[in-house]
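Protein chains: 2
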Amino acid sequence: MDASGRYIARYELSRIFSPELLAALRLRRYDPGAIIIRSGDPVDEVLFFVDGRAKAYSTLDNGQRVLASFYLPFDAFGEAELFSSERYALTIEAITESTCLCLSAAALLGAAPSNHRLLAYLCGRLGAKLNDRFTAESINLRYPVERRLASYLLASSDDGGIIAADDLGDLADYIGCSYRQLSRVVRDFRARGILSGRRGGLTVADRSALEPLAGDLYTRSASVPPRVGRRLGVLERDDER
Amino acid sequence: MDASGRYIARYELSRIFSPELLAALRLRRYDPGAIIIRSGDPVDEVLFFVDGRAKAYSTLDNGQRVLASFYLPFDAFGEAELFSSERYALTIEAITESTCLCLSAAALLGAAPSNHRLLAYLCGRLGAKLNDRFTAESINLRYPVERRLASYLLASSDDGGIIAADDLGDLADYIGCSYRQLSRVVRDFRARGILSGRRGGLTVADRSALEPLAGDLYTRSASVPPRVGRRLGVLERDDER
DNA sequence: CATACGATAGGACATATGTCCTATCGTCGC
DNA sequence: GCGACGATAGGACATATGTCCTATCGTATG
């Protein structure tokens, strides 16, 4: 079994891709800092993110940057533009060594009639991204930085307190404030014992102190497991008759 | 031909829906102010918006509101949650008398294998909504209210200068500022001759003065016509053989 | 080990914006 | 026509935040 095959098995891709499309997946590796998708390029493929960490962002005409999302596997890149644009809207960059399974847009579009499961999966991902994005936006637009950071920390720290973004500049671009203001709030959180970690590192030391600050902001949007897997299982049983 | 049939013809819905699903569409009318979809309700149907004007919003725990979108026909409601959630994320309310063609979620999910065109259409709409939402968010998060309003006015005023939102409170919730600050900027724009119209009304009187304020913020995200219609035309020819 | 560079940190000051209040206007219903 | 109510408008004040600057730290490279 080659590298593609291992990822296909790990993420059970045969459940949503037809054999024809499975065979058309091509493995590609990226170094840290490499550009996976460049904003403005023609939409010529969809990438399935199977290993590493990545981020998507856009740069505005005032030179400021807005960071749309941090990604962990399994996810799709370029699917938002596939049926609606000719050019990619965002730049996606590898944070760590990363791996994608790449599929040409032409192959996917040509095989659409026999890939309703993949289309349903993409609908599910896009819907979840839209709702998650809107929630984050609402928080960032309407709450002070203290609450934005608290919400972000609660949503993205793991059991050990380590958070996904390890670059304060990126984090400021994600929650939509200046580095300076984020620095103030981080300093305050450290003074209150909420955050620990050496200079620049962010480790959540006291989750319970974050909860009243964050309220129910992020948990309100929690998505349940994708419906497609459950419902289309019924179709699979019908096919077996 | 009944009312459903007229909308089906107007929007050429037979091009993306199978006959089975076309037959399952049910027409429903809403009064101004009526709730079309309520946040938190179970996801039991998808609605296709065929007449009127509507808005989608969410209310935060600090009592503030964030307005996600204004809608004109043709559009879909509830599709974002269909494959990813059990409950609707947003409330959608009719601004004017409105009409939807409603489709039960169960029917749509059951007929997914024979509706790849509809799935592709939904992917396209979701992708476009995600990109448009992100653009609006970036502007609202990173630019002062003056520029936000200028961008909004450029994007949403028609040739006669009439804009889609006729309620300043809604507009403030959409661009993410207080009514007070919006009021200041509107006053300034009136004093500069950019806006005209009686108290509360917003009519763009001088588009060219808006352009330097807005820059290329909204036009940068302009989407081309949906790819699905063009590309799937090829599939239709194949089927005819 | 020394240097360079990028990331982090904090001071000083300005301002865009929000909150809270009072006043006015326009529409609707009686 | 009158009164009620919701939308609009603007004053006063406070503050969260951004800009711009200087200083320090940590890491990589020669």
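Residue numbers (numbering that gives the first Met the number 0), protein chains in the order written: chain A, 0 to 240; chain U, 0 to 240.
Here a beta-carbon is modelled for each residue, glycine too, at the ideal position from N, C-alpha and C.
What you are looking at is a predicted structure, and each value in this text was computed from that prediction instead of being measured.
Suppose the cutoff is 8 Å on Cβ atoms and the five residues either side in sequence are ignored; what does the same chain contact list for residue i look like?
{"i": "R52(A)", "result": "F69, Y70, L71, A93, I94, T95, S97 and A163"}
{"i": "L20(U)", "result": "L102, A106, L107, A110, N114 and L117"}
{"i": "R9(A)", "result": "V49"}
{"i": "A208(U)", "result": "R191, G192 and I193"}
{"i": "P112(A)", "result": "none"}
Compute the Euclidean distance between the alpha carbons of residue i and residue j, then round it to the nearest angstrom.
{"i": "S57(U)", "j": "R147(A)", "result": "17 Å"}
{"i": "S156(U)", "j": "R189(A)", "result": "48 Å"}
{"i": "A213(A)", "j": "D131(U)", "result": "27 Å"}
{"i": "T218(A)", "j": "G192(U)", "result": "Unreliable positioning characterises T218(A) in this predicted model, as indicated by a pLDDT of 46, which lies under 50. The coordinate reading is nonetheless provided below. Spanning the two alpha carbons is a distance of roughly 46 Å."}
{"i": "T90(A)", "j": "P211(U)", "result": "26 Å"}
{"i": "E80(U)", "j": "V42(U)", "result": "7 Å"}
{"i": "G4(A)", "j": "L12(A)", "result": "10 Å"}
{"i": "G196(U)", "j": "K54(U)", "result": "23 Å"}
{"i": "F16(A)", "j": "A2(A)", "result": "17 Å"}
{"i": "R183(A)", "j": "P18(A)", "result": "53 Å"}
{"i": "Y151(A)", "j": "A119(U)", "result": "33 Å"}
{"i": "F76(U)", "j": "F133(U)", "result": "18 Å"}
{"i": "Y29(A)", "j": "A135(U)", "result": "30 Å"}
{"i": "M0(A)", "j": "A22(A)", "result": "13 Å"}
{"i": "R179(A)", "j": "R14(A)", "result": "47 Å"}
Check the Cβ of residue i against every Cβ in chain A and list those closer than 9 Å, keeping chain order.
{"i": "R37(U)", "result": "Simply none; closest approach about 15 Å."}
{"i": "G200(U)", "result": "Those do not exist, as G200(U) stays about 26 Å from chain A at its closest Cβ, beyond 9 Å."}
{"i": "A106(U)", "result": "Neighbours of A106(U) on chain A: none; closest Cβ ~12 Å, over 9 Å."}
Which chain U residues are close to residue i, counting only those with a beta carbon under 7 Å from its beta carbon?
{"i": "A79(A)", "result": "G126, L129 and N130"}
{"i": "L46(A)", "result": "Going along chain U, no residue has its Cβ under 7 Å from L46(A), so there is no contact; the nearest lies around 15 Å."}
Report the residue from the options whose alpha carbon sits nearest the alpha carbon of residue i.
{"i": "G39(U)", "options": "L12(U), E85(U) and G32(U)", "result": "E85(U)"}
{"i": "A88(U)", "options": "V42(A), D30(A), R197(A) and S137(A)", "result": "S137(A)"}
{"i": "Y142(A)", "options": "G32(U), S177(U), I34(U) and R183(U)", "result": "S177(U)"}
{"i": "F82(U)", "options": "D60(A), S83(A) and L129(A)", "result": "L129(A)"}
{"i": "D74(U)", "options": "Y6(U), V184(U), D1(U) and Y151(U)", "result": "Y6(U)"}
Spatial neighbours of residue i within its chain, please: C-beta separation below 6 Å, excluding the five flanking residues on both sides.
{"i": "Y27(U)", "result": "As written in the sequence, residue 27(U) is Arg, which differs from the Tyr given in the question. Taken in chain order, the residues that qualify are C99 and C101."}
{"i": "L121(U)", "result": "E78"}
{"i": "A33(A)", "result": "A93"}
{"i": "A149(A)", "result": "L209, L212 and A213"}
Output needed for residue i: all residues of its chain with C-beta closer than 7 Å, excluding positions within five of it in sequence on either side, in chain order.
{"i": "D243(U)", "result": "One cannot answer for residue 243(U) here, as it falls past the ends of chain U, which runs 0 to 240."}
{"i": "A274(A)", "result": "No answer is possible for residue 274(A): it lies beyond the span of chain A, which begins at 0 and ends at 240."}
{"i": "P31(U)", "result": "A93, I94, T95 and E96"}
{"i": "A204(U)", "result": "G160, G192, I193, L194 and S195"}
Give a yes or no on whether the C-beta atoms belonging to residue i and residue j are separated by under 8 Å.
{"i": "G247(U)", "j": "L140(A)", "result": "It is not possible to answer for residue 247(U), since the shown part of chain U is limited to 0 through 240."}
{"i": "L181(U)", "j": "V144(U)", "result": "yes"}
{"i": "G199(A)", "j": "L170(A)", "result": "no"}
{"i": "I36(A)", "j": "L24(A)", "result": "no"}
{"i": "L153(A)", "j": "R186(A)", "result": "no"}
{"i": "L125(U)", "j": "L125(A)", "result": "yes"}
Starting from residue i, find everything on chain U with Cβ-Cβ shorter than 8 Å and list it in chain order.
{"i": "R141(A)", "result": "L59, N61, Q63, V65 and G175"}
{"i": "A208(A)", "result": "Per Cβ cutoff of 8 Å: no residues; A208(A) is ~18 Å from chain U at best."}
Residues of chain U with CB under 9 Å from residue i, in chain order?
{"i": "E136(A)", "result": "V65, A67, R132, F133, A135, E136, N139, L140 and G175"}
Under 8 Å between beta-carbons, which chain A residues line up against residue i? List them in chain order, please.
{"i": "G214(U)", "result": "D60"}
{"i": "A204(U)", "result": "Simply none; closest approach about 25 Å."}
Starting from the beta carbon of residue i, find every residue of chain A whose beta carbon is closer than 7 Å, and list them in chain order.
{"i": "A23(U)", "result": "Those do not exist, as A23(U) stays about 17 Å from chain A at its closest Cβ, beyond 7 Å."}
{"i": "A33(U)", "result": "Under the 7 Å cutoff, chain A gives no residues; its nearest Cβ is about 22 Å from A33(U)."}
{"i": "A149(U)", "result": "Those do not exist, as A149(U) stays about 13 Å from chain A at its closest Cβ, beyond 7 Å."}
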